[in-house]
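Trainee: Position one of the sequence shown corresponds to residue 10 (our numbering), numbered consecutively onward. Backbone N, C-alpha and C define an ideal beta-carbon position, used for all residues, glycine too. Values in this document were obtained by computation on a predicted structure and should not be read as measured data. Mind having a look at this structure? Questions to follow.
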Amino acid sequence: MKPVTQINVLSIKPEKIDEFFEADRSYIASASLPKGLIGSRLYRSLDGKSAVRVSQYESVEAHKEYHHSEVLRQQIDLLRTFVESSSPGFYEEAYTTGDFK
10 MKPVTQINVL SIKPEKIDEF FEADRSYIAS ASLPKGLIGS RLYRSLDGKS AVRVSQYESV
70 EAHKEYHHSE VLRQQIDLLR TFVESSSPGF YEEAYTTGDF K
């Protein structure tokens with residue numbers, strides 16, 4: 010199976026971006042990398058109003074399995090208190106240029 014990338018643009022409630030990142034960092038520090046998740050990055054907008062999470066999974070099925078875990082569901086519920094909206098989507102890599110890591 011081909012890896013799949015989920016890109017999720019999150020609009021963060023006013024004045025909540027630091028709390029959002031703190032809550033997310035706390036979860037990441039306490040959790041082990043789940044089966045099927047290759048890796049994840051979280052980007053912060055320069056204006057402090059949004060975040061973008063880029064996560065790569067071994068497959069769409071691996072993503073579904075991870076997102077059914079109770080621990081993750083609890084974390085998502087917590088993070089929702091800081092989020093106005095989110096726009097997740099699945100992508101496969103078309104190509105890479107330069108020294109992108």
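In the DSSP assignment, the alpha helix (DSSP H) including S39 goes from what residue to what residue?
Mentor: I26 to S39 is the span of the alpha helix (DSSP H), which, as asked, contains S39.
Trainee: In its own chain, which residues sit with a C-beta less than 6 Å from the C-beta of H72, not counting the 5 before and 5 after it?
Mentor: Hits under 6 Å: Y66.
Trainee: Would you please state the rounded distance, in angstroms, between the beta carbons of F99 and Q15? I believe it to be under 8 Å.
Mentor: The Cβ separation is near 6 Å, so the contact holds.
Trainee: Using a threshold of 9 Å, state whether the C-beta atoms of Y8 and A40 are closer than that.
Mentor: In the structure displayed, the chain extends from 10 to 110; residue 8 sits before or after that span and is not available.
Trainee: Please look up how many angstroms separate the CB atoms of S94 and S20, rounded, as I've assumed it's under 8 Å.
Mentor: 5 Å between Cβ atoms; contact.
Trainee: Going by alpha carbons, who is nearest to L81 out of M10, K44 and V13?
Mentor: It is K44.
Trainee: From Y104 to I37, what does the alpha carbon distance come to, in whole angstroms?
Mentor: Each residue's alpha carbon lies about 29 Å from the other.
Trainee: Report the residue ranges of all alpha helix (DSSP H) runs contained in full by the stretch 28 to 108; include only those spanning at least 4 residues, in chain order.
Mentor: Complete alpha helix (DSSP H) runs here, min 4: 69 to 76 and 79 to 89.
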